[in-house]
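Peer 1: Mapping to full-length UniProt numbering: the sequence shown position 171 is 171, numbers consecutive.
Built from N, CA and C at the ideal position, the CB exists for glycine as well.
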Amino acid sequence: MLGVRHAWRRLHSSIGGGGGGGGVSSKRKMLEAALRVNPEVQATLESEPCRVVALETAVVSHGLPYPANLEAVLGMEDEIRIQGGIPATICVMDGEIHVGCSLKRLERLGKSKEPRIKVSRRDFANAVSHKLNGGTTVAGTLMVAKALGIQQFATGGIGGVHRGGESSFDVSADLMELGRSPVAVISAGVKSILDVPRTLEYLVRLRIPFLYTVLDDETQGVFVATLAYTEKGNPKFPNFFECEGEIESPAVLRGIQAAADLVETHFQLGIDSGLLIAVPVPEDHENKAAAVVIAEAAEEAEKLNIRGRDVTPFILNMIREKTDGSSVITNVALLLNNARIAGRIASLRAEHRLRETNRLRGGSSDVEHVHQQPVVVGAAALDFLVKVKCDLV
Numbered sequence: 001m002l003g004v005r006h007a008w009r010r011l012h013s014s015i016g017g018g019g020g021g022g023g024v025s026s027k028r029k030m031l032e033a034a035l036r037v038n039p040e041v042q043a044t045l046e047s048e049p050c051r052v053v054a055l056e057t058a059v060v061s062h063g064l065p066y067p068a069n070l071e072a073v074l075g076m077e078d079e080i081r082i083q084g085g086i087p088a089t090i091c092v093m094d095g096e097i098h099v100g101c102s103l104k105r106l107e108r109l110g111k112s113k114e115p116r117i118k119v120s121r122r123d124f125a126n127a128v129s130h131k132l133n134g135g136t137t138v139a140g141t142l143m144v145a146k147a148l149g150i151q152q153f154a155t156g157g158i159g160g161v162h163r164g165g166e167s168s169f170d171v172s173a174d175l176m177e178l179g180r181s182p183v184a185v186i187s188a189g190v191k192s193i194l195d196v197p198r199t200l201e202y203l204v205r206l207r208i209p210f211l212y213t214v215l216d217d218e219t220q221g222v223f224v225a226t227l228a229y230t231e232k233g234n235p236k237f238p239n240f241f242e243c244e245g246e247i248e249s250p251a252v253l254r255g256i257q258a259a260a261d262l263v264e265t266h267f268q269l270g271i272d273s274g275l276l277i278a279v280p281v282p283e284d285h286e287n288k289a290a291a292v293v294i295a296e297a298a299e300e301a302e303k304l305n306i307r308g309r310d311v312t313p314f315i316l317n318m319i320r321e322k323t324d325g326s327s328v329i330t331n332v333a334l335l336l337n338n339a340r341i342a343g344r345i346a347s348l349r350a351e352h353r354l355r356e357t358n359r360l361r362g363g364s365s366d367v368e369h370v371h372q373q374p375v376v377v378g379a380a381a382l383d384f385l386v387k388v389k390c391d392l393v
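1) Look up residue 389 in the DSSP assignment and say whether it is helix, strand or coil.
2) Sort 187, 144, 191 and 196 by Cα distance to residue 180 and report the nearest one.
3) Return the chain-ordered ranges of every beta strand (DSSP E) run that is complete within the stretch 282-368 and spans a minimum of 3 residues.
4) By Cβ distance, which residues of its chain are closer than 7 Å to residue 314, with the 5 residues on each side in sequence left out?
5) Hey, is the stretch 32-46 in contact with the stretch 59-70, meaning 3+ C-beta pairs nearer than 8 Å?
6) For residue 235 versus residue 280, is the C-beta spacing smaller than 9 Å?
7) Thinking residue 142 and residue 178 are a contact (beta carbons under 8 Å), I'd like their distance in whole angstroms, please.
8) Would you say residue 89 touches the ligand SAH, meaning its beta carbon is less than 8 Å from a heavy atom?
9) Check residue 57 in the structure and name its three-state DSSP category.
10) Only counting the same chain, and skipping five residues up and downstream in sequence, which positions put a Cβ closer than 7 Å to that of residue 319?
11) Taking residue 123 as the reference, which of 136, 239, 282 and 113 has the closest Cα?
12) Is the stretch 69-87 in contact with the stretch 333-344, if contact means three or more CB pairs nearer than 8 Å?
13) If you count every other CB in all the chains shown that lies within 10 Å of the CB of residue 188, and 16 or more means buried, which is it?
14) Can you list, in chain order, the residues of its chain whose CB lies under 8 Å from that of residue 72, leaving out five sequence neighbours each side?
15) Determine the contact status of residue 34 and residue 119, defining contact as a CB-CB distance below 9 Å.
16) For residue 134, name the three-state secondary structure that DSSP assigns.
17) Within 10 angstroms of the Cβ of residue 158, are there 16 or more other Cβ atoms? Answer buried if so, exposed if not.
18) I'd like the span of the beta strand (DSSP E) that includes residue 119, first residue to last.
19) What does the Cβ neighbour count give for residue 151, buried or exposed, with the cut at 16 atoms within 10 Å?
20) Reducing DSSP to helix, strand and coil, say where residue 239 ends up.
21) Roughly how many angstroms separate the alpha carbons of residue 455 and residue 272, rounded to a whole number?
22) By how many angstroms is the C-alpha of residue 85 removed from the C-alpha of residue 45?
23) Give me the Cα-Cα distance between residue 53 and residue 139, rounded to the nearest whole angstrom.
24) List the whole-angstrom C-beta distance separating residue 155 from residue 56, where the pair is believed to meet the contact cut-off of C-beta under 8 Å.
25) Quick one, are the C-beta atoms of residue 353 and residue 48 less than 9 Å apart?
26) My guess is that residue 264 and residue 355 are in contact by the Cβ rule of under 8 Å, so how many angstroms apart are they, rounded?
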């Protein structure tokens, strides 16, 4: 439980628990009382934290229909385990924050008729105090992952700047949370119902026209890269349902080993912002029909004045209907693929750390050991006492 207490101290700090009345200790006890960490996850966090991969549950509560929602999250857990990682599925149940959800809780969240909400950063206090059930969003999952020291997170697609966001200022909390959470997010990029160019601009840099030039200003400081399966070419940023969109990727990672090296170095350097590794949907599950429907669905949402967190479920339902369910198959396929990649990254990092530990403990085979007599550099002071025995010297 010591690790849990330390985690909640970090979480308490991240949600501004230091201010207000009531005392820090009493608030900490309330927060600790709300947390339930699966023993397997807790043990791994204490021994090999880089093996743990967080999973969100908004996809279970709101993203996919039953039974595809449960099949997706359980399949993601399996893929992570197969690759050598440990899944940590996060949800809120009866006002308790579970890290490593049981099948029973996942079924309650995705199958039962009980009321449930989407839990982002702003919703935790409401969910805990009123003992609600909910699926964590990308932002909510990032917040808990940061508090517990979970370093990888697999999801479908992150939220972003909504279409027309330049005037409506409708921007997902996922982006801000990613900017302040040292977690590597492995996804199929940005949800394609959003404004992908402006989302990347928000995460990476802001280009400001000024007189006769353009000023580049770093915004959230999030490193964004596309995972490439080949050594040639420069793939464009994935478009969720499509392998490539129309936007140039800020960076390209050549293979999973390169991605694992990047993530490991990111944490070794102590950088306190996140990473976004965009993984193209498997080619055999690419769904161009779903991509075509998105524009129509976005227009319909605008006409009906649907805003904020209600936009994504509305558009996904419309896409599902107009593609006869093929979008669900694609969605599940990319979720499983992202979990597979995240699990492999976690495993490669753990193997790297083990090699480094063994090298430091036992010495490296490429170091020559030479046995010679030591040379002492310094000085010696000698005192002489002379006793003269003759009269003539």
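Peer 2: On the basis of the supplied data:
1) coil
2) 144
3) none
4) 301 and 306
5) no
6) yes
7) 6 Å
8) Absent from the structure shown: the ligand SAH. Ligands present: none.
9) coil
10) 290, 293, 294, 297 and 327
11) 136
12) yes
13) buried
14) 59, 60, 64, 331, 332, 335 and 336
15) no
16) strand
17) buried
18) 117-119
19) buried
20) strand
21) Because the chain in this structure spans residues 1 to 393, residue 455 falls outside the shown range and cannot be described.
22) 11 Å
23) 15 Å
24) 5 Å
25) yes
26) No, residue 264 and residue 355 are not in contact; Cβ-Cβ is about 12 Å, not under 8 Å.
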